[in-house]
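> Take this structure, written in structure tokens, and hold onto it; I'll ask about it next.
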Amino acid sequence: MPSPYSWPAISKIAYGGDYSPEQWPREVWREDVALMREAGVNMVSVGIFSWALIETAEGVFDFSWLDELLDLLHENGIAADLGTPTASPPAWFFAKYPEARVITRDGVTMGFGARGMASPSSPAYREAIVRYASRLAERYASHPAVVMWHVHNEYGVPVGEDYSPQSVRAWREWLKNRYSTLDGLNAAWGTAFWGQHYTDWEHVGAPAAAPSVVNPAQRLDFARFTDHQLRECFTLERDAIRAHGDQPITTNFMANQSWTTDLWAWAELVDIVSDDHYLWAADPEGEIGLAIAADLTRSVGRNKPWILMEHSTSAVNWQPRNIAKRPGEMARNSLAHVGRGADAVLFFQWRASRSGAEKFHSAMLPHAGTSSRVWKEVVQLGGALEKIDAIRGSRVQADVAILWDFESFWAQDLEWRPSEDITHAERIRAFYERLWRDNITIDFALPGHDLSAYKLVIAPAQYLLTAADAANLTRFVENGGTLLVSFFSAIVDENDAVHPGGYGAPLKDALGVTVDEFLPLREGEKSTVTWHDGSSLRADAWHEDLSLTTAQSVATYVDGPGALGGARPAITRNTYGAGTGWYLSTRLDADSLATVMADVYRDAGVVASDLPSGLEVITRHGDDARYTVAINHRDDNAQLPASGIELLTGETIAETLTVLPGGVAVVRSPHTAEGGGR
Ligand code: GLA
């Protein structure tokens, strides 16, 4: 059993990063700890890629350098987040167990010389990771520097699916467990189609590359199986560590950057949620993607404070164009994570590597050393985090939830969908972005969660929706909630089979509408939708032919395929029980979506802020104060109505705070008798 949620024994906002002293001589270690102290670093993650330098041959461990390092860190008041290096097994391992190498969907056997775990189903790999984790935990469980365990690194990348023979064997066992009988499997996968009926378990293979599109239900199950195997590997290590040490155990997620692992399930396994986030440089408003990742991380962690395990001080090295952060951007990014619930700000990595694939990646201590701009900003950020330390432990509260369901994404991402213009990531970003610009705080949720705390629930891309989850959403509306569902939702069940009754049928009570036919547009084609006040909304990519039962049409197609020769409903609103169900059957541009959302907010009783655009504001609520975190993405001053103490300057704010261009501020406002906790 995992231990209850716990925070590492650090009495400050954790500040630091991945540290790889094994890449450096001893004199550099001493310089490192001195500079860490100068920057206010209080925790570093070590040992994440050190397998080959610790277990030098099978079962032969040499911990001497790690002993020395942990002692040095402790003497300098720096805590260690101690990693298991199981994302990168040594050369000797693959030489001895070549069958543990991963085989891709196209049949390519992965070689050595990069990083990436062995097959998660390999018995030899599983034995090796348990041995390593046990020996590591046994040796360091009572070392005073060790405050947390960091299992593995970013499960799911670069290795997720594995098509090796041992994976196929494990997959058959997983399927037997899920379906008990071949009849059950044949029914779930719809194998009557294209003559795929199975008569023997031994004939069931992994969904490897085939002459045409492989059975989508089989592929969806393989995604589930892959996630399950990775979680088993994590659990093996976690339990091996727990037998010796009681420090919290985590593994670093990649919220909004990788979709291989179902983070809702993973968050149940860890003691504390941690996340890695990197800006996507091609996105001119990367701060919105950052906010999605941070809100998702907090949400999967059931709203408890979480650890920003990695981000970058400046450019990364793995994108097509690696754009350096502008002055102040690192602090804005860090504070945005803190505003959204992080109580730790860590980076990849402490000191830039001279050799290897990541030598052009930024670091806290760049190749240019302590005279660099980046280093100066790192020292400033350490000071800033000390000043806002009171924010630790406070919580973010949201009235709006956006549905984020990995199983649905896995299913939607398969081949032969009605239009390649439609993706879950694009729709979630569109709706999230509208609410971000309105400074409305968002949680993410699963459709089966208890949604009763929310006024508004948005389903931007719920392609797969089980009957039970549809019933939950329907109850949410019946009990007074406002539900907004975007097109191509409630289409299939858990086996990627179309719902009886047609598209949208499971939500027909809540929405008062079902979909007769998808009507995708041609590439680049635009269309006009008439809003109920006579104004025009702009749409593209997707129309639908709707059948209304109890819903009212509030916007109509006047051209494009949706018009079907006359005005036809495009957006509907339905009253059901004490609540309201909205349905959007087309893809609106950002301004048109804003028009619709204004009505939806009104139904839900949600209020958009009237702050200047580009001033991002998030509030954390503590026991005796609330903390308003403001980030000015504009290039001029922005005024924020606030009262309290601005923690970074110590200034008392009576009514209005001026946030400087590109600046950040954190205002602590003690609760008043009237103000209460919210
Ligand atoms: C990931 C990894 C790190 C490093 C960074 C570079 O997040 O966990 O080891 O490779 O990317 O951005």
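Throughout, the working numbering is defined as the position within the sequence shown, counted from one, plus 16. Yeah, the Cβ is synthetic: ideal placement off N, Cα and C, and Gly gets one too.
#1: For the beta strand (DSSP E) holding Pro585, just list the boundary residues, first then last.
#2: By the three-class DSSP mapping on this structure, what secondary structure does Ala654 have?
#3: Are there any heavy atoms of the ligand GLA lying less than 7 Å away from the beta-carbon of Phe250, as far as the coordinates show?
#4: Mapping the DSSP letters down to three states, classify Pro522 as helix, strand or coil.
#5: With H, G and I counted as helix, E and B as strand and the rest as coil, what does DSSP make of Pro139?
#6: When DSSP labels each residue in this structure, what does Trp366 get in the three-state scheme?
#7: If you follow the alpha helix (DSSP H) that His353 is in, where does it begin and where does it stop?
#8: Indicate, with yes or no, if the ligand GLA has a heavy atom lying under 7 Å from the CB of Asp8.
#9: With DSSP run on the structure shown, which of helix, strand or coil describes Asn268?
#10: Can you name the start and end residues of the beta strand (DSSP E) that Gly398 belongs to?
#11: Which ranges would you report for the alpha helix (DSSP H) in the region 600–685 if only whole runs of at least 4 residues count?
#12: Three or more C-beta pairs under 8 Å: does that hold for the region 145–162 against the region 254–265?
#13: Locate the beta strand (DSSP E) running through Glu326, then write down its first and last residues.
#14: In the DSSP assignment, find the unbroken alpha helix (DSSP H) run with Ser424 in it and report its ends.
#15: Closer than 7 Å: is that where the CB of Ala330 sits relative to any heavy atom of the ligand GLA?
#16: Using CA coordinates, which residue listed in Pro536, Gly517 and Ala614 is at the minimum distance from Gly578?
#17: Of the residues Ala487, Glu510, Tyr470 and Gln478, which one's Cα is nearest the Cα of Thr498?
#18: Please say whether Gly621 and Val493 have beta carbons closer to each other than 8 Å?
#19: Between which two residues does the beta strand (DSSP E) harbouring Leu500 extend?
#20: What residue range is occupied by the uninterrupted alpha helix (DSSP H) comprising Ile444?
#21: Roughly how many whole angstroms lie between the Cα atoms of Pro18 and Glu539?
#22: Taking 8 Å as the limit between beta carbons, can you name the residues of its chain near Ala298, skipping five residues before and five after?
#23: Can you have a look at Gln3 and say buried or exposed, based on whether 16 or more other CB atoms are within 10 angstroms of its CB?
#24: Would Ala555 pass as a contact of Ser608 if the rule is Cβ separation under 8 Å?
#25: Classify Gly550 as helix, strand or coil using the three-state DSSP reduction.
#26: For Tyr113, name the three-state secondary structure that DSSP assigns.
#27: Roughly how many angstroms separate the alpha carbons of Gly692 and Ala670, rounded to a whole number?
#28: Quick one: grab the DSSP three-state call for His687.
#29: Within 10 Å of its beta-carbon, does Gly33 have 16 or more other beta-carbons around it, so buried, or fewer, so exposed?
#30: Closest to Thr565 by CA distance: which of Asp549, Val531 and His559 is it?
#31: Shortest alpha-carbon distance to Asp243 belongs to which of Glu177, Ile323 and Asp87?
#32: Could you round the C-beta distance between Ala567 and Leu527 to whole angstroms and report it? I think they count as a contact, below 8 Å.
#33: Taking the beta strand (DSSP E) that Ile456 belongs to, which residues open and close that run?
#34: Who pairs with Arg411 in a beta bridge, going by DSSP?
#35: Where do the N-terminal and C-terminal ends of the beta strand (DSSP E) with Tyr214 fall, by residue?
#36: Taking the CB atoms as reference points, tell me whether Ile94 and Met52 lie closer together than 8 Å.
From the atom records:
#1: Where Pro585 is concerned, the enclosing beta strand (DSSP E) stretches over Arg584 to Tyr592.
#2: Looking at Ala654 - three-state DSSP - the assignment turns out to be strand.
#3: No, the ligand GLA has no heavy atom inside 7 Å of this Cβ.
#4: Looking at Pro522 - three-state DSSP - the assignment turns out to be helix.
#5: Pro139: helix per DSSP, three-state reduction.
#6: Collapsing the DSSP output to three states places Trp366 in coil.
#7: Per DSSP, His353 belongs to the alpha helix (DSSP H) from Glu345 to Gly355.
#8: Any question about residue 8 goes unanswered here, given that the chain covers just 17 to 694.
#9: Of the three classes helix, strand and coil, the one that applies to Asn268 here is strand, per DSSP.
#10: That residue, Gly398, is in no beta strand (DSSP E); its alpha helix (DSSP H) goes Arg389 to Lys403.
#11: Runs of the alpha helix (DSSP H) inside the region 600–685: 606–620.
#12: They touch, by the three-pair rule.
#13: Segment Trp322 to Glu326, the beta strand (DSSP E) holding Glu326.
#14: From DSSP, the alpha helix (DSSP H) with Ser424 extends over Phe422 to Gln428.
#15: The question names Ala, but residue 330 is Ser in the sequence shown. No.
#16: Among Pro536, Gly517 and Ala614, the Cα nearest to that of Gly578 is on Pro536.
#17: Answer by Cα proximity: Tyr470.
#18: Annotated as distal: Val493 and Gly621, with beta-carbon spacing of 8 Å or more.
#19: Where Leu500 is concerned, the enclosing beta strand (DSSP E) stretches over Thr498 to Ser502.
#20: Taken as a continuous stretch (DSSP letters only), the alpha helix (DSSP H) holding Ile444 covers His440 to Arg453.
#21: Bear in mind that the predicted position of Pro18 carries a pLDDT of just 40, short of 50, making it unreliable; the figure below should be weighed with that in mind. Rounded to whole angstroms, Pro18 and Glu539 show a C-alpha spacing of 50 Å.
#22: If we look at Ala298 and ignore the five residues flanking it on each side, its Cβ neighbours are Gln335, Pro336 and Arg337.
#23: Not covered by the structure: residue 3. The range shown for the chain is 17 to 694.
#24: Result yes, Cβ atoms of Ala555 and Ser608 sit closer than 8 Å.
#25: Coil.
#26: The answer is coil: DSSP assigns Tyr113 none of H, G, I, E or B.
#27: Confidence at Gly692 is low in this model, with a pLDDT of 43, below 50, so the placement of that residue should be treated as unreliable; the coordinate-derived value is given next. One alpha carbon belongs to Gly692, the other to Ala670, and they sit about 19 Å apart.
#28: In this structure, His687 counts as coil in the three-state DSSP scheme.
#29: Under this definition Gly33 is a buried residue.
#30: Answer by Cα proximity: Val531.
#31: Across the set Glu177, Ile323 and Asp87, the C-alpha of Glu177 shows the shortest separation from the C-alpha of Asp243.
#32: At roughly 6 Å, the Cβ-Cβ gap stays under 8 Å, so Ala567 and Leu527 are in contact.
#33: First-last for Ile456: undefined, no H or E at that position.
#34: Looking at the DSSP assignment, Arg411 forms a beta bridge with His637.
#35: No residue range can be given for Tyr214, since it is assigned to no beta strand (DSSP E) and is classified by DSSP as neither H nor E.
#36: Yes. Within cutoff.
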